[in-house]
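Trainee: Its first residue numbered 0, the sequence shown is counted upward by one per residue in numbering that gives the first Met the number 0. Just dropping this structure here.
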Amino acid sequence: MITTDIQLIKAHLEQGEVVGIPTETVYGLAANIYDDQAIAKIFSTKGRPNTNPLIVHVKSMEQVRTLVAEFPPKAELLAKRFWPGAMTLILPKSELISPAITSNQSTVAIRMPKHSTTLELLETLDFPLAAPSANPYNRISPTRAEHVEAYFPNIPILEGGACEAGVESTILSFDGDEVALLRHGAISIEEIEAEVGRILDRTSSESVHLAPGRSKKHYSPLCELIISYEPLFMLSAVQDKKVGILWFNEVKIASSKVAINHILAPSGSFKEAAANMYDALHQLEKSGVDLIIVERLPNYNLGRTINDRLERAAAK
Ligand code: TXA
Ligand code: MG
């Protein structure tokens with residue numbers, strides 16, 4: 000059920016239910032952080048292993064201070080600059096945070112989302128919301144209420160329109176005075192480095208706990224997906240398959256072997272590409288193609304984030 004009724008969503012949350020909420024990145028599957036049974040429902044609804052911790056969504060800096068044991072100066076600087084926004088900070092947790100949320104780690108992931116409806120919901124609640132993306136484990140992330148409803152027809156979903164950024168938040172952790180990138184996201188490395196100087200790239204770290212969202216296969220459609228700088232080169236090996244190509248900003252070369260040509264961002268902007276990426280994958284999957292070939296983007300700025308998601312979607 001999709002609703003615009005914030006009070007109704009609030010009532011479900013207070014009863015320990017899981018609900019869908021919009022954010023500027025992707026939709027989340029949310030529950031009360033102080034209700035361990037509700038938290039357990041998030042994991043079971045998603046089919047997510049409970050070794051993979053959740054992000055806590057807050058309404059204010061005051062609320063954050065109760066949830067963390069420490070707030071390093073660079074984290075403060077980044078929070079001031081980018082919150083509310085698509086940045087998740089990994090910080091030492093306070094006693095208030097249940098081990099069910101952090102998968103027994105001593106740190107907690109926190110962000111203040113930038114979506115007016117969800118900020119309004121958080122304002123009315125006495126508790127922050129734990130929320131992973133509202134997709135079954137490893138499937139395409141949802142950027143519209145309808146995507147969430149198609150995955151989970153039985154949960155109430157707060158309508159918030161199409162997500163503005165369209166890819167998940169950037170995740171950062173802190174190591175002494177160093178800032179480390181754990182997941183590429185809607186705020187680019189370039190924007191972060193302009194604020195705090197060079198940061199460490201730990202996105203390909205071997206430790207699952209250190210490098211979230213890195214499980215190799217992730218964000219995937221049900222059909223086969225490949226990513227290439229030259230989508231048409233890949234066609235030579237394909238026979239008897241219904242093929243859809245997801246081009247960056249134009250159909251570079253047309254081919255009669257291609258059933259669907261979908262353009263990600265006619266303007267050629269990375270922001271538009273990010274905003275449309277998951278929706279394009281949902282549409283191509285629904286169209287019944289056997290194979291999606293995606294044109295790789297230039298690898299800088301948000302192009303890097305989009306390539307990261309597409310590579311994981313393509314992983315076997
Ligand atoms: O944009 C987003 O971040 C969305 C919206 C709903 O806020 N949420 C999201 O959540 O992408 P999820 O659960 O799909 O991805 C969160 C990632 C996970 O890969 C998890 O491993 C990591 O954050 N994470 C959570 N707590 C952590 C911690 N204490 N240390 C390291 N990684 C952590
Ligand atoms: Mg996710």
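We put the beta carbon where it would ideally sit given N, CA and C, even for glycine.
1. Check each candidate in 308, 111, 270 and name the one with the smallest Cα separation from residue 77.
2. So, residue 303 versus residue 228, is the Cβ gap smaller than 8 Å?
3. Can you give me the Cβ contacts of residue 278 inside the same chain, cut-off strictly under 6 Å, excluding the 5 residues immediately before and after it?
4. Is residue 96 helix, strand or coil by DSSP?
5. Tell me whether residue 91 sits in a helix, a strand or coil according to DSSP, three-state version.
6. I need the boundaries of the beta strand (DSSP E) containing residue 171, first residue and last residue.
7. One question on the structure: do residue 17 and residue 37 come within less than 8 Å of each other, judged by their Cβ atoms?
8. Does any CB atom of chain D fall closer than 8 Å to the CB of residue 33?
9. Check whether the Cβ of residue 52 lies closer than 7 Å to any heavy atom of the ligand TXA, and answer yes or no.
10. So, is residue 221 buried or exposed, given that buried needs 16 or more other C-beta atoms within 10 angstroms?
11. Let me check understanding here. Comparing Cα to Cα, which of 144, 109, 171, 102 lies closest to residue 160?
12. For a test of your reading of the model: does the CB of residue 132 fall under 7 Å from any non-hydrogen atom of the ligand MG? Yes or no.
13. Between the alpha carbons of residue 165 and residue 93, how many angstroms are there, rounded?
14. Thinking just about the alpha-carbon of each residue, which of 238, 248, 96 is nearest to the one in residue 66?
15. Below 8 Å, can you find three or more Cβ-Cβ pairs linking the segment 79 to 91 to the segment 103 to 110?
16. Secondary structure at residue 221, three-state DSSP: helix, strand or coil?
17. Only counting the same chain, and skipping five residues up and downstream in sequence, which positions put a Cβ closer than 7 Å to that of residue 140?
18. Rounded to whole angstroms, what is the Cα-Cα separation between residue 0 and residue 117?
19. Three-state secondary structure (DSSP) at residue 117?
20. At the level of alpha carbons, what is the spacing between residue 257 and residue 308?
21. Would you say residue 148 touches the ligand MG, meaning its beta carbon is less than 7 Å from a heavy atom?
22. What does the Cβ neighbour count give for residue 103, buried or exposed, with the cut at 16 atoms within 10 Å?
23. Give me, in chain order, the residues of the same chain whose beta-carbon lies closer than 6 Å to that of residue 163; leave out the 5 immediate sequence neighbours on both sides.
24. Just checking residue 110 against the ligand TXA - is the residue's beta carbon closer than 7 Å to any of the ligand's heavy atoms?
Mentor: Concretely, from the data shown:
1. Nearest of 308, 111, 270 to residue 77, Cα basis: 111.
2. Between residue 303 and residue 228, the CB-CB gap reaches or exceeds 8 Å.
3. Same-chain partners within the cutoff: 142.
4. The answer is coil: DSSP assigns residue 96 none of H, G, I, E or B.
5. In this structure, DSSP gives residue 91 an extended state, which the three-state scheme calls strand.
6. Counted as a single uninterrupted DSSP element, the beta strand (DSSP E) harbouring residue 171 occupies residues 169 to 174.
7. Contact flag set, yes.
8. Chain labels in this structure do not include chain D; a single protein chain is all it has.
9. At least one heavy atom of the ligand TXA sits closer than 7 Å to the Cβ of residue 52.
10. When all chains shown are included, residue 221 counts as exposed.
11. Per the Cα distances, 144.
12. Flag set: Cβ of residue 132 near the ligand MG.
13. Across the structure, residue 165 and residue 93 are spaced so that their CA atoms are roughly 31 Å apart.
14. Proximity to residue 66 across 238, 248, 96 peaks at 96, based on C-alpha coordinates.
15. A contact exists between the segment 79 to 91 and the segment 103 to 110.
16. Three-state result, residue 221: coil.
17. Excluding positions up to five away in sequence, the list reads 25, 132, 134, 167, 218, 277.
18. Taking the straight line from one Cα to the other gives about 17 Å.
19. In the three-state reduction of the DSSP assignment, residue 117 falls in the helix class.
20. Cα to Cα, residue 257 sits roughly 23 Å from residue 308.
21. No, the Cβ of residue 148 stays beyond 7 Å of every heavy atom of the ligand MG.
22. That one is exposed.
23. Around residue 163: 23.
24. In terms of side-chain proximity, the C-beta atom of residue 110 is found nearer than 7 Å to a non-hydrogen atom of the ligand TXA.
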